[in-house]
Every structure is written in structure tokens, then in C-alpha cells.
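Q:
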Amino acid sequence: MDGWQKKHLLGIKDLSRQEIEIIFELAASFKELSQREVKKAPALRGKTMINLFFESSTRTRTSFELAAKRLSADVLNFSSSSSSLSKGESLEDTIKNLEAYHPDILVIRIGYSECLHNLSRYTLASIVNAGDGNSEHPTQALLDMFTVKEIKGKLDGLSVLIVGDITHSRVARSNIFGFQKFSAHIKVCGPSTLIPYEFDKLGVEISYDFDEAIRDADVIIMLRIQKERQEISFFPSIREYVEKFALTAERIKKIKKDCIIMHPGPVNWDVEISSQLKEELHPLILKQVENGLAIRMAVLYLAGTKKRKYEDIN
Amino acid sequence: MKILIREGRIVNFDAIQNADILIHNSRIIKIGRIEEKADKEINARGKVILPGLIDMHTHLRTPGWEDREDLTTGSLAAAKGGFTTIFCMPNTSPALDNEGYLKWIIKEAERIGIVDIYPVGAITKSREGKELTEFGILKKAGCLCLSDDGDPLEDVSLLRKALEYAGMFNLLIISHCEEKKLSYTGSMTESVISSKYGMEGIPSISESIGVFRDLELARYLKVKIHLAHISTKRSLEIIKKAKEEGVRVTCETAPHYFILKVEDLEKNNFHANFKVNPPLGEEEDIEAVKEAIKEGVIDCIATDHAPHSIAEKELPFTKAPFGFIGLEFAFALSYTYLVKRKIIDLKGLVEKMSYRPANILGLKDKGYIKEGAFADLAIVDLNQTWEVNKKDIVSKSKNTPFIGYILHGLIEYTFHKGKIVYNRAVSSRL
Ligand SMILES: [Zn+2]
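In order, the protein sequence lines correspond to chains S and X. Numbered per our numbering, the first sequence spans residues 231 to 544. Numbered per our numbering, the second sequence spans residues 103 to 532.
1. Which residue from PRO165/X, MET301/X, ALA224/X puts its Cα closest to that of ILE239/X?
2. At a threshold of 7 Å, does HIS71/X count as lining ligand 1 (C-beta to nearest heavy atom)?
3. Any heavy atom of ligand 1 closer than 7 Å to the beta-carbon of HIS328/X?
4. Taking only runs of the alpha helix (DSSP H) that begin and end inside the segment 437 to 482 of chain X, which ones reach a length of at least 4 residues, in chain order?
5. Using Cβ-Cβ distances below 9 Å, what residues of the segment 409 to 432 of chain X are close to chain S?
6. Near GLY288/X, which residues of its chain fall below 7 Å by C-beta distance, leaving aside the five closest residues on each side in sequence?
7. According to DSSP, is THR160/X helix, strand or coil?
8. Since SER293/S meets chain X, which of its residues come closer than 9 Å, beta carbon to beta carbon?
9. Comparing alpha-carbon positions, which option in LYS369/X, ILE395/X, ARG321/X, PHE271/X lies nearest HIS331/X?
10. For ILE383/X, is the beta carbon positioned less than 7 Å from some heavy atom of ligand 1?
11. Pull up the DSSP beta-bridge partners for THR487/X, would you.
12. Measure how close the beta-carbons of GLY184/X and LEU234/X come, nearest whole angstrom, since I'm counting them as under 8 Å.
13. Let me check one thing: in DSSP terms, what residues is PHE283/S bridge-paired to?
14. Tell me whether the beta-carbon of HIS410/X lies closer than 8 Å to the beta-carbon of GLY428/X.
15. According to DSSP, simplified to helix, strand and coil, what is GLU100/X?
16. Less than 7 Å separating the Cβ of GLY383/S from some heavy atom of ligand 1?
17. Which same chain residues end up closer than 8 Å to GLU386/X when comparing Cβ atoms and leaving out the 5 residues on each side of it in sequence?
18. At a Cβ threshold of 8 Å, is HIS238/S touching chain X?
19. Measuring only from the beta carbon, is HIS278/X closer than 7 Å to any heavy atom that is part of ligand 1?
20. Any heavy atom of ligand 1 closer than 7 Å to the CB of ASP251/X?
21. Can you pull the chain X neighbours of PRO426/S, defined as C-beta to C-beta under 9 Å?
22. From ILE412/X to ASN501/X, what does the alpha carbon distance come to, in whole angstroms?
23. Identify the contact partners of ASN375/X in chain S, using a Cβ-Cβ distance below 7 Å as the criterion.
24. Below 8 Å CB to CB, which residues in the same chain sit around GLU461/S once its five sequence neighbours on both sides are set aside?
25. Is the beta carbon of HIS410/X within less than 7 Å of some heavy atom of ligand 1?
26. Scan the segment 164 to 252 of chain X and note each continuous alpha helix (DSSP H) run of 4 residues or more that stays entirely inside, going in chain order.
27. Return yes when at least one heavy atom of ligand 2 lies under 7 Å from the C-beta of LEU260/X, else no.
28. Measuring alpha carbon to alpha carbon, tell me which of SER293/S, ALA443/S, GLN248/S, SER310/S ends up nearest MET527/S.
29. Could you round the C-beta distance between PHE440/S and PHE464/S to whole angstroms and report it? I think they count as a contact, below 8 Å.
30. What is the DSSP secondary structure of GLU461/S, counted as helix, strand or coil?
31. Relative to ligand 1, is the shortest distance from any of its heavy atoms to the C-beta of HIS331/X smaller than 7 Å?
32. Which residues in chain S have a C-beta closer than 8 Å to the C-beta of ASN371/X? List them in chain order.
33. Using a beta-carbon distance cut-off of less than 9 Å, what residues from the segment 281 to 311 of chain S approach chain X?
34. Kindly give me the distance between the Cβ atoms of LYS582/X and ALA374/X, rounded to whole angstroms, as I take these residues to be in contact under 8 Å.
35. Taking a cut of 7 Å between CB atoms, which residues from the segment 364 to 383 of chain S lie near chain X?
Structure below.
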């Protein structure tokens, strides 16, 4: 693909606006393919993709798997728990062992932020980040942006509001880096204990008042709250969280007429979003899933047509 | 055995003189113009001669992790870096918390015969922060200072007792200042960079709150205290004020705290070789450390030499252990980044790396080149530059962020008690 130089897709922060547009263009054509009777293209025939998931995520893994199969690649799923990675050898060894299968693409989901650069030394394959720690989840942000672009017809200069646990969210970070490349105005909103230190220095606005912030957003991204983690120390109770930060039937009345509401899924109904809104919002969330497939096909296509060789990242 | 070092430039913390040095067995017997014949002569023309460097903060991983470092490789690394006396921290397995381990280390170091190794005794048994060790018995075994480095006492009343009790034996407490509840499982300085990458941060106040707590105790009890590896601007402001008010505090920093900053993590893709505790700070911290070195708020420069295996440092950044090796580079790093950049002069560096540590720990006949002192010396060629190279490292572990750095100042010889323990021409490829 003209203009595409990258070997790996490690994060949105490394992409240029032009590269993001290349992915969107491809995704649009793959989406069209998925609507045909015969949904397969031979683009990655003879190539091997390995899904290497150190954290379980059936949704993301399945989406990558189907995307690869639609492009005729061979797919291998390899799951392992992060806890088995207590020794350095095992992570390195895992990658090196898989190298024996000569994979062209490694799709990796892992619990550690920013560890993929260093892993790329052990493989000739292209690495696609399927979520690394709290750092990035690039394909999620790409599909979010793609969905917005599809509905709005443009991405430039939008007001994007991201609500919830920003600190522990790779989805938030990837979306921030992505939308910023299209001059979006980004506001994050959540409990003050879950907004990272000096986050405003990244050029985002911080708000603790959802009722106020909701009014001028063109796009609202509701983040998933991990009940097990947050409840304990970051805010006193889910009840209080819902009171202040949940999207409710009451609050949704205040949104702009053409505001898009998104959620990376799976939704904790009645935590981030009131189940009263289920009927209204679910179709859009499912549209995100469909677009996720097209985005992942585009990303795998770009990664899979790269030669198997070591390449310096930068 | 007599050794004559000819025409070197002798640098003490307070004076520089061009003279010959005559060594007889373990001591310097004469300094000046020497006509006498010796068994061996070394020409030091164009080189400087420093009192052997003294490192107050080394981890030798012995006993317990001899695959990371042992007393021999640690000694060799020290000698290569111009050190003749090193203090090894007690966070070993088992911890250095009884006289048996201490005596064994001292005896082993004597047997190896490369540098003096003084074990730092643990403050509490097994470094668990619960019960004090037997300070008096440790002292008798040769212990000069105590620390639970890495795991600062959480129980402030126990720390109070330790400071009081140590005072009775004139033992120095070395405190690693860190409020662990704040640093928690963080792996880098909390900053816009940690926020950007989704890394759990260590707030800089976790050090300065520890500093403040310990200095309040030292002030109240009127006892001495030494603070290890100080890294932040705010800590230094607190220490400076305490010093002005007469608190008996001394402190050290390490070279990485005046050279590297949090941005270096980003530039190096979060390789674990850049992970250290306290973590690399912001630009203002580096500037404050340099200023404090210049003003004397920081008394000495230690290495915090912390060997780790390759596998440990190949772990993801957030999982890997903290620490760098430092013995082989500390002098050249300090000379390059402090003296060459005119923060302090060479005498000032000798003060920070030899005279003051000797003085703080009450080491007799060390830290100053004079007649009668131990012949602990480093001969350095300041005009040489060299590149930090993995294959030249003699420490068992190779975990340093300084690979590829071009440094000024090359150690040519190290003498320990009159014996040549390092000679670059024969023992190194450099
Ligand atoms: Zn320490």
C-alpha cells in the first residue's frame, strides 16, 4: 500500500494522520467485502497469523481471528496467562518458540504497558498490538474513529468526551492520540482519582462534571469500569459512581442531537450506562463490532504484506 | 616491597601537588621529590593520582544471588572503577543481620584481597522491620553502619529506637527514604510521561516525605543520619534546610540522578535497564542534584551498584527489578558530567567520592593522600575517552543504561593497601 511504511502496529501514537487514513480506506473496502455472499479475499493466502493472548479477551481475539480468516491467512490461537510470565525467559521463550512456525503476524494482548518494542527483537513477524497494559489498544481506537467518520462523514475538529476510568484505560489513551491527529477537542471526565497525573499536559481538558461536559460533545466514549479493581480504593461505591458518571436516561436528554455514544464493550449495564438505554444504544455498539472486523482486516493486511525480517522500530 | 609512583599530579580534596609517591608495603611513606630506588617504578606523568574511591552504597548480592555478583567479581568491578573501599548493603538472602555473616564477608574480602569490603548490617532481623538486630555485636564484628536499604522501616517508633540505640555505639544509620504506600507498585516517576504511557507512577513525594520524616526524627533525637541515593529537588530543599538548622544529616546521590531523566525511558522504549529506584526524575531534579553537589548539600556520590541478571532485565518494564550496576562507570560518569561541565572541580569530586565518605564513616588513613595513610590510590588518565561497552564489563551482571556512552577519564591503575589491584594495560581490553 502506498504510503504505508510501518512494520508493526504498536500504538496510535506512532501513526501519522495519513497512515490512519490509509487504514480507513482499506477498512471501507473490506467492510464492503464482508457484505458480499462470498466473504473471503485471498490477500493473505499462505500467511500465518498467531493470536498470542496473555489476557483473556474472547471478543478481540475472535475479531482478529475472523479478520485473518476472511483474508485467507492461517490462524493459530495461543493463550497463556500473564501470571505464567513471572520469569523473563518464558515471555522471550514463548515468542521464540512460536517463531519456529514462521508466523507473519503476531497479534499480542498482554497486561504490561509498553513491552512490545522490546519483544519485537525476538521475532521476524509483524507485531499487532491487541492491547498492552494500560498503554494502547490501537485497533479499538481505529474502529471507534472509523465508526465516527462513517456516521459524521468527517473526523476533523470534533468534540470528544471520554468518561470513566481514564488511568487504567488503554482505549482512552489510543482514542486520545488518534482523535488528536484530527484536531479534535478532547475532554476526559471521571472520578478525580482515576484521571492520571498532569494529564492536561497531553492537551486534553479535564472535567469532573459529566452533566456539564455532556452538553457540547459530538462523540461520547463511555469506558468500561472494572468493578473488581475500582471499587476498592478509587471511589467509595458503584452507587456513587453511577450517581455521578453513569449515562442515564436523564442525562442523555442533554446531549447534542447528533451526538454519537460509543462503548468498547462489553457494557456493564447499570454501571456505565443505564439499562434503560439498552435498546437505544445497543445497535451502535454492535456497529462498532462490525467495524472492528473491517479495521482488523485492514491492519492485518498491512502488517501481513510486510516481509519477515527484523526491523528497527521508530 | 617498595613502589615508587613518579611525577603524578596528586589530587586531594583540598590541594593539588605534583610529586612522587613512595609506597612501602601497605602505606605511603613519602611524598615529594624522591631519589630513592624502589622495587617497582610507575611513571604517572600526565596522570592524576586520587585517593582510592569509597562507595557507601553497593549491592554485592552475596550471600544468596552469587549468580548476579559475588565478592570477587564485585571487588574486580570496584578496582576497575578506582574504588578501594566499598560498603555492601544487607539486602541479601539471608540478610546481613548477624555477626557471623558480617565476619564472613570481611574475611572473604581479605582473602580475595582486591578491595576492602565493609558489610552494612541490617537494622532489623531479616530486614523485616520488626525487631532490631544486635547493634553492639555487629559493631564488634566490624560493622560501621546499618541500613534496611530497599525496605525502609515503616514503623516510625522502631526507627526512633534504632536511631537512639545506634547512637550509643556510634553506628551510622543509612536510610533509604521512601513512603512505600505512595510508591506502591509504581515503576517510574509519576509524570506526564507515566500518564501518557499508562505506567503506574512513583510520585516524587514518596522520597521527600520519607526524607522529612527521617530528618524530623534526627533533629528531635539530635542523632546522626545518612540518607541514601537522594534524587529529587524537593528532598534536597528539605535536607538543605535541615542542615542549615543544625540537623546532623549527610546524604549521597548516584551518577544516574544527575545524568538521566524520565524522558530517557521514553527514548529507550522502556527497556528495564532504565528502571531504578528511586526512579529517574525530571529535568528540575537533575538540576537540583547538580546544584546540591556544588553547594555541598550532597556530601557524596555513591554507585547504588545493583546487579541483575539478563533474564530479570528482559522482563517487561513494569515487572523487572530496579537498579543499575555502577562501580565501573561512577568515576568517569561523574568526571564527565560534573567536572568537565564545570559543576565542581576535580578536588570537589575527590571530596564526594573519597574524602567525605571516609570522613562520614570514620575510616582512618583513607580518603586522603598523605604520608602514613594507606596506599589506596587510583591513577587516572583524564585525557582519555572511552566507550561503555558490554563486553568490557567485569561485573557479573551487565545491567547499565550507559552502554554506548563516551566518557572522559580512564582508570589506569588502582592500588589497594600498596598492592596493584587493577592495571588497565594488563587486565583490560580498553
Ligand atoms: Zn536503596
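Cβ atoms here follow ideal geometry from the backbone N, Cα and C, with glycine treated the same way. Please read all numbers here as calculations on a predicted model, not as lab measurements.
A: Put simply:
1. Checking every option, the nearest Cα to that of ILE239/X belongs to ALA224/X.
2. Residue 71/X lies beyond the stretch modelled for chain X, which goes from 103 to 532, so this question has no answer here.
3. no
4. 448 to 452, 458 to 463
5. SER411, ILE412, ALA413, GLU414, LYS415, GLU416, LEU417, PRO418, PHE419, THR420, LYS421, ALA422
6. GLU302, GLY303, ILE304
7. strand
8. Those within 9 Å of SER293/S in chain X number zero; the least Cβ separation is about 22 Å.
9. ILE395/X
10. Per the sequence presented here, residue 383/X reads as Gly, with Ile not at that position. Not under cutoff, so the answer is no.
11. HIS510/X
12. The Cβ separation is near 36 Å, so there is no contact.
13. Bridge partners of PHE283/S according to DSSP: SER309/S, ARG339/S.
14. Result no, Cβ atoms of HIS410/X and GLY428/X do not sit closer than 8 Å.
15. With chain X running from 103 to 532 in the structure shown, residue 100/X is simply not present.
16. Flag unset: Cβ of GLY383/S not near ligand 1.
17. LYS335
18. no
19. yes
20. yes
21. GLU292, VAL294, SER296, SER297, LYS298, GLY300, GLY303
22. 7 Å
23. Residues of chain S passing the Cβ test: none, with the nearest at roughly 10 Å.
24. Only weak support exists for where GLU461/S lies, its pLDDT of 45 falling under 50; the value from the coordinates is given anyway. Closer than 8 Å at the Cβ level, and outside the excluded window around GLU461/S, lie SER467, ILE468.
25. no
26. 173 to 182, 201 to 214, 237 to 242
27. The ligand content of the structure shown is limited to ligand 1, which means ligand 2 is not among them.
28. SER293/S
29. Going by Cβ atoms, the distance from PHE440/S to PHE464/S rounds to 16 Å, so no, they are not a contact pair.
30. The predicted model places GLU461/S with a pLDDT of 45, which falls under 50 and marks its position as unreliable; any figure quoted below should be read in that light. Helix.
31. yes
32. GLU344, HIS347, ASN348, ILE543
33. none
34. There is no way to answer for residue 582/X, as the model of chain X reaches only from 103 to 532.
35. ASN364, SER365
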